[in-house]
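One line per chain: the protein sequences are A and B, in this order. Start counting at 1 in the first sequence, then tack on 613, and there's your number in the working numbering. Start counting at 1 in the second sequence, then tack on 222, and there's your number in the working numbering. All residues carry an ideal CB built from backbone N, CA and C; glycine is no exception. Keep in mind the model is a prediction, meaning the values are calculated, not measured.
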Amino acid sequence: MALLQIAEPGQSAAPHQHKLAVGIDLGTTNSLVASVKSGEAVTLPDGEGQHLLPSVVRYLCPLEKQVGQVARDAAAEDPYNTIVSVKRLMGRGVDDVKALGSEAPYKFVPGDGGMPFIDTAAGNKSPVEVSADILRSLLDRAAVSLGGDLEGAVITVPAYFDDAQRQATKDAAKLADVKVLRLLNEPTAAAVAYGLDQKNDGVIAVYDLGGGTFDISVLRLNKGVFEVLATGGDSALGGDDFDLALARHLAAECGLGDALDAGSARYLTELAKKVKEQLSSDAAAQLSVNVDGQQHDLSVTREQFDDLISGLVSRTLRACKRTLKDAGVTVDEVQDVVMVGGSTRVPLVREKVGHLFAREPHIDIDPDRVVAIGAAIQADVLAGNKPDSEMLLLDVIPLSLGLETMGGLTEKVIHRNTSIPVGRAQEFTTYQDGQTAMAIHVVQGERELVEDCRSLARFVLRGIPPMAAGAAKIRVTYQVDADGLLSVAAKEMSTGVESSIQVKPSYGLADDQIAEMLKASYSHAQEDLDARALREQQVEAERLVLALTQALAADGDALLSADERAALESEIALLRQTAAGSDTRAIEQGVAKLAKASDEFAARRMDQNIQRALQGQTIEQIEEKN
Amino acid sequence: MDISKNFFEFFGLPVSFQIDQTLLSERYRELQKQLHPDRHAHLSDREQRLSVQYTAHLNEGMATLKSPLRRAQYLLLIEGIDTTGESSVKIDPMFLMQQMELRERLEDARDAADPFAELESLGEEVQSELAGLRRQFDQCYLSKALEEAAAVVRKMQFLEKLLLEIENLEDQLED
């Protein structure tokens, strides 16, 4: 029976309208998009019924590109224009990608600030742009499948991604023109998909071995709250490395040296991938290798393959042990081990993980789809479709955030596995008499020496009044938001001189670069852009008016005096009027004005929430009252 | 603003070194359900920003109250004694001697026949020392012997640091 919804007086029925939101798993090898349809999270297929989109982009000429399987099929034939595993390049500098060597056989061109661009038939492409092309392909698929405008997307990232890699992913989304509802850690997404089915409270470990990244997360599930206790991993270790190890073995068997041309290297890697997949079910694989006009018939046994990858698998196990220690739980306390990522199909991986945790890992959920499914479930909640959902995801930062102090040492400001969002301040001082500026070098990592950590950003605080060494007090504040993204501010305490940055990774794109690329990607004329800007402001105004109207209906009587309420209501009416017009700038100002006017009310509501939480009331009880 | 309250009040718990960990976790989850940015994702930007601030405060509070050392330091901070920075508190020589011995054992563990067993037994010893110091702190704090309590905190810092170094060495050896 269909239930009809009746709006309460004064409340709009609009919030009950189902908002379209998707979860996107932007993987190293394959990507997926999923959405909640009729109450169930499902991955969305393309026109041919394929759910997995190979994360491969081939640039044919400036205006033509292929994304997905067609591009993958051309990988060996057109290696320089066909970009595979671009995720491994995200947030990385020129030196990092050079270290990848034969894994990334592209023609790199250094860009501003050391970010690598790839020289292709369509010009120089940054990894962010390549990722954006993959995202666009998935978003187009979602638009066709869901038939409507998207509210936004939850995009998953490896839990072990550092700030630069996260920022690069968010930039790719900006370029693909989709609102990021949240950057969600892949193992957490998998836990959601898994945990919501099980309804069991307790500690679970998620072992996520993808194409290019490895994560291990330990979570505590408690009545819909997924609390990540600790996370660990390696953002440059995955199934690709299994393929490369096997490809090197094959090259040696054929008597080929290390100096393979890009096409042959790609060919051998693709061949190795197939052999690896066959060895997941068979004890041995026969193959013939055709290089330099010669055919080599070879056989690889599973034992040989296990030997080739056992060092890599051991690395993941060490990370598991460390993460358990960080989480403060023993192996016995872990109730379930969930396997995620295509590479967990490798028998040796399953065997070793099972052995470490002394229990059979769960392999019953599709390891390729589970992350996208979990992301779709959270996207549905964040879009506001599930106001009474108990689900809440509490995550942590994977790597310590710190700054460089004298002698090239790292001082940690926020330690790894700290719950986010988080803000922390630390005071530093000058080391020279009369020092008037201080260079702040933001780094991420666990090592003592700055050179062993990842450099995230540099900025300078100027205008410190000349004082004796050690007399100035500089407060440096680190803020990490719910996406795991960092911003840093520095302030000289006696004068109040301030400087702050949203940490833009040393190897990232600048905001104006993104704006420029976004503009170039529009074929629209200026009017279209103007119309778009107007619509965006109108949506913003509608969102604010709606949120406030609901808040007033719920708490207006209890938290505001009659005068306060009347003042707010007249501001709302004013913005409604402005938003009906077409003056983009006026609407923007109106939104800012109303937001400011409602600030105190928002704060009182938040305080009330705290009181309710402490009184032990459940969400349902509160919602009933409202 | 509730954010100006001390962490104990924020969590609705008595200001005390003894803490009910189960209740603390429960309160934490309840507060998260009210304050977390995901709960306010569909509201105005301002409410979202406010929610990020509150949740950061909540997380900081949880981290502070959960750790015995940080909880002790925080209790003293409420009383106006800052033990988080450089300290001039005098440590009794006996304790320092004992610290040097423990550190020597840490150094020697690297070359021991079974370094992991050695590190484990060292770790256990430090833990039991810490447990004793925690009891001592509680008594000092309750009887308002705050200077004495500060000296105990200083000792706790030494031992916590040692624990960290034991862990680091374990990690190094495993690699």
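With 8 Å as the limit, tell me which residues of the stretch 1008-1034 of chain A have their beta carbon closer than that to any beta carbon of chain B; keep them in chain order.
-> 1031, 1032, 1033, 1034
Residue 792/A in three-state terms, based on DSSP = coil
Inter-residue spacing [alpha-carbon to alpha-carbon] between residue 951/A and residue 816/A | 11 Å
What residue range is occupied by the uninterrupted beta strand (DSSP E) comprising residue 1051/A?
-> 1050-1057
For residue 1078/A, does the three-state DSSP call read helix, strand or coil?
-> coil
The stretch 881-896 of chain A in contact with the stretch 853-861 of chain A per 3-pair CB rule at 8 Å | yes
Decide if residue 362/B is buried, meaning its Cβ has at least 16 other Cβ atoms within 10 Å, or exposed.
-> buried
For residue 559/A versus residue 738/A, is the C-beta distance shorter than 9 Å?
-> Only positions 614 to 1239 of chain A appear in this structure, which leaves residue 559/A out of reach.
Local conformation of residue 357/B per DSSP, three classes = helix
Which chain B residues are close to residue 1215/A, counting only those with a beta carbon under 7 Å from its beta carbon?
-> 268, 269, 272
Can you say whether residue 957/A is buried or exposed, counting buried as having 16 or more other CB atoms within 10 angstroms of its CB?
-> buried
Over the uninterrupted beta strand (DSSP E) stretch that includes residue 1222/A, give me the two end residues.
-> Residue 1222/A -> not in any beta strand (DSSP E); alpha helix (DSSP H) instead, spanning 1212-1227.
Under the assumption that residue 748/A contacts residue 755/A (Cβ atoms under 8 Å), give the Cβ distance between them as a whole number of angstroms.
-> So it is not a contact: roughly 10 Å between Cβ atoms.
In the stretch 308-338 of chain B, which residue ranges form an unbroken alpha helix (DSSP H) of at least 4 residues, counting only runs that do not cross its ends?
-> 315-331
Which term fits residue 264/B, buried or exposed, when burial requires 16 or more other beta carbons within 10 angstroms of its beta carbon?
-> buried
Opposing strand residues paired with residue 822/A [DSSP bridges] = 827/A
Residue from 285/B, 289/B, 334/B with nearest C-alpha to residue 353/B = 289/B
Whose Cβ in chain B lies nearer than 8 Å to the Cβ of residue 1227/A?
-> 233, 234, 249, 252, 253
Does the stretch 787-795 of chain A come close enough to the stretch 887-901 of chain A to have 3 or more Cβ pairs within less than 8 Å?
-> no
Selection from 1153/A, 1148/A, 1173/A, 1185/A that minimises the alpha carbon distance to residue 1161/A | 1185/A
Compile a chain-ordered list of the residues in the stretch 849-870 of chain A whose CB is closer than 9 Å to at least one CB of chain B.
-> none
Return the CA-CA distance between residue 648/A and residue 769/A, expressed in angstroms with no decimal places.
-> 14 Å
Does the beta-carbon distance from residue 1241/A to residue 646/A come in below 9 Å?
-> No answer is possible for residue 1241/A: the residues shown for chain A start at 614 and end at 1239.
Would you be able to state if there are at least three C-beta pairs under 8 Å between the stretch 1077-1094 of chain A and the stretch 1034-1047 of chain A?
-> yes
Straight-line gap, residue 393/B to residue 935/A (C-alpha atoms, nearest Å) = 7 Å
Could you name the residues that DSSP lists as bridge partners for residue 1070/A?
-> 1055/A
Assign residue 889/A to one of three DSSP states: helix, strand, or coil.
-> helix
For chain A, is any of its Cβ atoms less than 9 Å away from the one on residue 284/B?
-> yes
Are residue 674/A and residue 734/A touching if we call contact CB-CB under 9 Å?
-> yes
Return the Cβ separation of residue 388/B and residue 344/B in integer angstroms, given the expectation that the two are a contact with Cβ distance under 8 Å.
-> 6 Å
Measuring only between beta-carbons, confirm whether residue 261/B sits less than 9 Å from chain A.
-> yes
List, in order along the chain, the chain A residues whose C-beta lies closer than 7 Å to that of residue 276/B?
-> 1219
Through-space distance from residue 271/B to residue 1165/A, alpha-carbon basis | 19 Å
Compare the C-alpha of residue 719/A against each of 712/A, 698/A, 732/A, 708/A and name the closest.
-> 732/A
Using the DSSP secondary-structure output, state which residues sit across from residue 671/A in a beta bridge.
-> 679/A, 695/A
Would you mind telling me which residues of chain A sit closer than 7 Å to residue 393/B, beta carbon to beta carbon, in chain order?
-> 935
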